[in-house]
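Asker:
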Amino acid sequence: MLTLICREYFSDRAAKDTTFTYAPVILGAENPQCRIPEVHALVSRFQLVMNLIAGILSAVVSPKLGELSDGYGRTKIIGLCTLGTFLGEVITALVATFPDTLPVNLFLLGSFFDGMFGSITAAVALTQSYAADCTPANKRNVSFGYFHGVLFIGIALGPLTASYLIKATGDVRVVFYAVMACQVIMPIFISFIAPESLTKERQKRNREKRNIKPLDINKLRLQDFNPLHLLKPLAVLLPVTDKAVSKTGAGKTRVKLVQRNLIILAAIDTALFGVSMGTMNTLILYVEYVFGWGNIESSLFVSITSTVRVLVLLGVLPLLTRWIRNRRNNTLSEAQTNCGSDKLDIGIIRVSILFEFLGYAGFCLVKTGPLMVLCGILNAMSAMASPTINSTLTKHLPSDRTGQLLGAVGLLHALARVIAPTVLGFVYSWTVGKLTQTVWILLVSLLFLSFISCWLLLPHSKFSPSRLV
Numbered sequence: 008m009l010t011l012i013c014r015e016y017f018s019d020r021a022a023k024d025t026t027f028t029y030a031p032v033i034l035g036a037e038n039p040q041c042r043i044p045e046v047h048a049l050v051s052r053f054q055l056v057m058n059l060i061a062g063i064l065s066a067v068v069s070p071k072l073g074e075l076s077d078g079y080g081r082t083k084i085i086g087l088c089t090l091g092t093f094l095g096e097v098i099t100a101l102v103a104t105f106p107d108t109l110p111v112n113l114f115l116l117g118s119f120f121d122g123m124f125g126s127i128t129a130a131v132a133l134t135q136s137y138a139a140d141c142t143p144a145n146k147r148n149v150s151f152g153y154f155h156g157v158l159f160i161g162i163a164l165g166p167l168t169a170s171y172l173i174k175a176t177g178d179v180r181v182v183f184y185a186v187m188a189c190q191v192i193m194p195i196f197i198s199f200i201a202p203e204s205l206t207k208e209r210q211k212r213n214r215e216k217r218n219i220k221p222l223d224i225n226k227l228r229l230q231d232f233n234p235l236h237l238l239k240p241l242a243v244l245l246p247v248t249d250k251a252v253s254k255t256g257a258g259k260t261r262v263k264l265v266q267r268n269l270i271i272l273a274a275i276d277t278a279l280f281g282v283s284m285g286t287m288n289t290l291i292l293y294v295e296y297v298f299g300w301g302n303i304e305s306s307l308f309v310s311i312t313s314t315v316r317v318l319v320l321l322g323v324l325p326l327l328t329r330w331i332r333n334r335r336n337n338t339l340s341e342a343q344t345n346c347g348s349d350k351l352d353i354g355i356i357r358v359s360i361l362f363e364f365l366g367y368a369g370f371c372l373v374k375t376g377p378l379m380v381l382c383g384i385l386n387a388m389s390a391m392a393s394p395t396i397n398s399t400l401t402k403h404l405p406s407d408r409t410g411q412l413l414g415a416v417g418l419l420h421a422l423a424r425v426i427a428p429t430v431l432g433f434v435y436s437w438t439v440g441k442l443t444q445t446v447w448i449l450l451v452s453l454l455f456l457s458f459i460s461c462w463l464l465l466p467h468s469k470f471s472p473s474r475l476v
């Protein structure tokens, strides 16, 4: 994308000024002439528009997909999400294949397809719902961590594989074709081969109990597109019980504690997801501009930090959970049921946010590439936060609300995907070349607030399924 926008920028300048000359911009090459603030600002703003399109559509779709998965099964809905990603990759491959014919703005159509099917936010929420169906409450953070770990294995190996393919073939377009081939396999495997986690009986019971029905376009009303109506699925974060419970003093206290935990956890998770999504593109632009890194150095940086995340998620988190929880000798009933967050969950969340805070604080201060990598590793050690927060959220409500709850989390993620990259991209585009570290200063402030908030969490707060309205 940077190469195509850079070429368009220089082409426009040459068209306006006949005396202006520039070195040819070659797809897949280093193109040092593109490493200027004007081009980086244009790329940052274009990425903002892409995120706005995909994020807004995903915010509308994600809660509905989460609820549908409770009533009609996880695998079919997950397969539907991957279809949108495939269509987006088709657009990317077409633009890369015919860069002289197809405009850069066609990437926006790819974002539209991505958002229409829920995007990565819905896919992650639904896969976590799948994991929650299959694992007991006391091991759920480990299962969620495995899903996140596998994701980061892909992120770690992806750039290395792409570099190898480009070096072996000399053609950057091969990477897009390979990705598109993988995207063809995914929906087929998930929809027709992967076993369903919800039995037909549970699906039917959920449909009847909560009146879950597929979307009927003919019944859409103008009120359904009201921005406030968009936030309606977040009501699951403020669950209510029957009047008999809420009238008692103990009942009121328990309701408030659960609601407080759910809101704090959802807010922290949204902030961390926003930080992750907002810095994904900005970080690459930053290191290329400040340290003069090319594609190889940037790919190595992503691979190193992703490898650390994988080690933390697949090694440290399972061992830590098994060691501490085995020492407590939880009973079978405690292990199988949702009993709210425990001290281990809360401790992992606090330590992880601290690592992320220190990592981004380092980004503000370091002046050399090796120190930037070191701060990236420190930041990557916070990988346990997201799976632990999401698994902890599911432990506060009955299992038949898992899809609905994580669908609401998907809505928050989609909104964060819109707001965070927009704000951070805007800040970066206006401060690059002046005070380029401003974007990291903002993130450090947000993470500090998140760290303070996590100390307000209280363990062992939950709702009884029979009392939930």
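Residue numbers for the sequence shown, in the working numbering: 8 to 476.
Even glycine gets a Cβ: it sits at the ideal position worked out from N, Cα and C.
Fair warning: this is a prediction, and the values are worked out from it, not measured in the lab.
Taking the alpha-carbon positions, what's the PHE151 to GLN135 distance?
Answerer: About 6 Å.
Asker: Closest by CA to PHE53, which one among PHE433, PRO377, PHE280 and GLY165?
Answerer: The candidate whose alpha carbon is nearest that of PHE53 is PHE433.
Asker: Can you tell me where the alpha helix (DSSP H) holding CYS13 begins and where it ends?
Answerer: Run containing CYS13: 9-23, per the alpha helix (DSSP H) assignment.
Asker: Taking 7 Å as the limit between beta carbons, can you name the residues of its chain near SER310, skipping five residues before and five after?
Answerer: Within the same chain, SER310 has close Cβ partners ALA163, PRO166 and LEU167.
Asker: Using CA coordinates, which residue listed in ILE448, PRO221 and GLN190 is at the minimum distance from CYS371?
Answerer: For CYS371, the nearest C-alpha among the options comes from ILE448.
Asker: Just to confirm, is the Cβ distance from TYR435 to VAL451 under 7 Å?
Answerer: Not in contact: TYR435 and VAL451 (Cβ atoms no closer than 7 Å).
Asker: What is the DSSP secondary structure of ARG316, counted as helix, strand or coil?
Answerer: Correct three-state label for ARG316: helix.
Asker: State the DSSP-derived secondary structure class of THR26, mapped to helix, strand or coil.
Answerer: Three-state DSSP puts THR26 in coil, outside helix and strand.
Asker: Count the other CB atoms within 10 Å of the CB of ALA390; is the residue buried (16 or more) or exposed (fewer)?
Answerer: Flag for ALA390 reads buried.
Asker: How would you write the range of the alpha helix (DSSP H) that ASP140 sits in, first residue to last?
Answerer: 126-141 is the extent of the alpha helix (DSSP H) around ASP140.
Asker: So is ALA251 buried or exposed if we call it buried at 16+ other beta carbons inside 10 Å?
Answerer: For ALA251, the predicted structure reports a pLDDT of 45, less than 50, and the residue's modelled location is therefore unreliable. A value from the coordinates is still provided. ALA251 should be labelled exposed.
Asker: Please name the residue in ASP121, HIS403, LEU64 and GLY95 whose C-alpha comes closest to that of VAL265.
Answerer: It is HIS403.
Asker: Rounded to a whole number of angstroms, what is the C-alpha to C-alpha distance between PHE154 and ASN112?
Answerer: Whole-angstrom Cα-Cα distance: 33 Å.
Asker: Can you check whether the CB of GLY86 is closer than 7 Å to the CB of GLY117?
Answerer: No, these two residues do not count as a Cβ contact at 7 Å.
Asker: Tell me the rounded alpha-carbon separation between SER460 and ILE396.
Answerer: Distance between the alpha carbons of SER460 and ILE396: 13 Å.
Asker: Taking the straight line between their C-alpha atoms, what separation do you get for LEU269 and ASP19?
Answerer: Rounded to the nearest angstrom, the two C-alpha atoms are 51 Å apart.
Asker: Check whether the Cβ atoms of ALA423 and PHE280 lie closer than 7 Å to each other.
Answerer: Contact flag set, yes.
Asker: Quick check on the DSSP output: the alpha helix (DSSP H) that includes MET123 runs from which residue to which?
Answerer: Its alpha helix (DSSP H) spans residues 114-123.
Asker: Is TRP300 helix, strand or coil when you go by DSSP?
Answerer: It is coil, neither helix nor strand.
Asker: Give a yes or no on contact between the region 405-419 and the region 69-78, applying the rule of three or more CB pairs nearer than 8 Å.
Answerer: Result yes; three or more Cβ-Cβ pairs closer than 8 Å.
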